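Residue numbers (the UniProt record's numbering): 41 to 432.
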Amino acid sequence: TGYTTLDPGFVNTASTKSAITYIDGEAGILRYRGYPIEQLAEHSTFIEVSYLLIYGELPTAEQLEAFTDKIRRHTLLHEDLKRFFDGFPRNAHPMPVLSSAINALSAYYQDSLNPDDPEQVELSTIRLLAKLPTIAAYAYKKSVGQPFLYPDNSLNLVENFLRMTFGFPAEPYEVDPEISKALDMLLILHADHEQNCSTSTVRLVGSSDANLFTSISGGINALWGPLHGGANQAVLEMLEGIRERGDTVEDFVKKVKNKEDGVKLMGFGHRVYRNYDPRAAIVKKAADTILAKLGGDDELLEIAKALEEAALTDEYFIARKLYPNVDFYTGLIYRAMGFPTRMFTVLFAMGRLPGWIAHWREMHNDAALKIGRPRQIYTGYTERDYKELTTR
Ligand code: CMC
């Protein structure tokens, strides 16, 4: 049929032009709108980075205040939407709860669905940034059978999320500034990563002119897989498995190299980075200081470090240029903060949200927007005659 360019997994296909995030995989460089991730992680805040990704520039003090204020006014969920959580089983994984509730925003907030109306897009942007942390906290509360808390808008976005997650109604909640600052930094590290699986999903869904809420819900589902954002949960389960079985690090690495039962070293490898993932370098450093302060699971941290060292000196990993990625050490920090393993990918989604929004908006602002519609190389029968049931 003339379609001869086959690129499974889009290993070498650019799907779009973009001015949001720059990655040089060979050099291990990541920059949002030109700003190095190391500088943003050290000096910026998640809300400021969200502004940068979505609007293209760092905000002035006035712009930041207006943006923060707008988000603050939208943190509440519609009371009917709160009841939506009751329908899920208590042992539900919080990721499908999150993506379903985000999709449901299209049903509850019908006045901001038109992708061609900039005011509506702006309103749905603010609603998402404000409500996703509330939804994420409720997904957690549901799983532990505790009452939901209304947002306290005297707190900032991250503090509010921590309080809604770990606080109780009518009880004062002291936000630990160490935890709040560390979580803010981790959200910055996750905020965008150009055309990864979930972002490409958001763009593809959005390319049909589907609304922003529903496109983001698609991205959350793509993120859940263990090869993508679900890797942070998978890493912790891998480390716990090694400890429980009493495997030596050498035995485990051998299992991975022999591809026994399809075992992979979770939190290792990346499609683009052929050098150390710059996010992983920041997280590794943070893990040491944060775990020392919060008192984390030292044994698991030791296993992780030993695994990293064994892999980085092993021919299998060297030849394939496999290095730790962002997910390798984050789980240990989330665990020390008090999050259960199943919440880890929800935290990734919270971080990635501004990136998804920025990409959806960049795509919609492009006059040359076309619906995403890949072709195929057909390998089936060319033509067959129908056979009646009795003759098959
Ligand atoms: N453990 C063992 N072997 C691996 C690993 C790993 N983690 N990653 C890649 N390989 C091997 C793979 O088996 C293949 O070997 P061979 O050439 O013998 O067949 C070779 O390295 C190339 O790997 P690939 O699967 O072709 O690479 P990819 O670019 O298609 O996949 C990846 C990238 C991230 C899906 C993969 O490295 C992986 O599965 N890693 C583990 C899951 C993970 O940590 N994901 C998080 C990614 S970073 C954050 C995010 O995106 O959410």
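No residue lacks a Cβ here, since even glycine has one placed at the ideal position from N, Cα and C.
Because the structure is a prediction, the values reported are computed rather than measured.
| Asked | Found |
| --- | --- |
| Assuming R71 is part of the beta strand (DSSP E), what are its boundary residues? | 69 to 72 |
| Let me check you understand the geometry: is the CB of V323 closer than 6 Å to at least one non-hydrogen atom of the ligand CMC? | no |
| So, helix, strand or coil for P76, using DSSP? | strand |
| Distance check for A210 and Q235, CA to CA, integer angstroms please. | 44 Å |
| How do the region 192 to 206 and the region 230 to 246 stand: do at least 3 beta-carbon pairs fall below 8 Å, yes or no? | no |
| Specify whether the region 255 to 262 and the region 315 to 326 touch according to this definition: at least 3 beta carbon pairs, one from each stretch, less than 8 Å apart. | no |
| Grab me the residues of R71's own chain with a C-beta within less than 6 Å of its C-beta, minus the 5 sequence neighbours each way, in chain order. | Y62 |
| Would you kindly work out how many angstroms separate the C-alpha atoms of L362 and E66, rounded to a whole number? | 12 Å |
| Would you call the region 178 to 194 and the region 118 to 136 touching, i.e. three or more CB-CB distances under 8 Å? | yes |
| Could you name the residues of the same chain whose beta carbon sits closer than 8 Å to that of R392, not counting the 5 residues immediately before and after it, in chain order? | H230, A231, D232, H233, S238, T239, G259, L263, G269 |
| Using C-beta distances below 7 Å, list every residue in its chain close to D411, excluding the 5 sequence neighbours before and after it, in chain order. | According to the sequence shown, residue 411 is Ile rather than Asp. The residues are S247, S248. |
| How many angstroms separate the CA atom of D47 from the CA atom of T419? | 15 Å |
| How about S86: is its Cβ closer than 6 Å to a heavy atom in the ligand CMC? | The amino acid occupying residue 86 in the given sequence is Phe; Ser does not appear at that position. False, no ligand heavy atom lies under 6 Å from that Cβ. |
| Can you list, in chain order, the residues of its chain whose CB lies under 6 Å from that of Y91, leaving out five sequence neighbours each side? | P99, F107 |
| Measuring alpha carbon to alpha carbon, tell me which of V245, K345, H83 ends up nearest V275. | K345 |
| Write down the C-beta distance between T56 and R243 rounded to the nearest angstrom, noting that I regard them as a contact closer than 8 Å. | 7 Å |
| With a threshold of 6 Å (Cβ to nearest heavy atom), would residue 509 be considered close to the ligand CMC? | This structure leaves residue 509 out entirely; the chain is present only between 41 and 432. |
| Can you have a look at V51 and say buried or exposed, based on whether 16 or more other CB atoms are within 10 angstroms of its CB? | exposed |
| Assuming L163 and F86 make a contact with CB atoms under 8 Å, what is their CB distance in whole Å? | L163 to F86, Cβ: 21 Å. No contact. |
| Is the CB-CB distance between H118 and Y95 below 7 Å? | no |
| If M306 sits next to A271, beta carbons under 8 Å apart, how far is it from one beta carbon to the other, in whole angstroms? | 5 Å |
| Alpha carbon to alpha carbon, what distance is there between R360 and residue 436? | Any property of residue 436 remains undetermined from this structure, which presents the chain solely from 41 to 432. |
| Whose CA, out of G127, D64, F253, lies closest to the CA of T139? | According to the sequence shown, residue 139 is Ser rather than Thr. Measuring from the Cα of S139, the nearest candidate turns out to be F253. |
| With hydrogens ignored, establish whether the beta-carbon of R401 is closer than 6 Å to any heavy atom of the ligand COA. | Of the ligands this structure carries, namely the ligand CMC, none is the ligand COA. |
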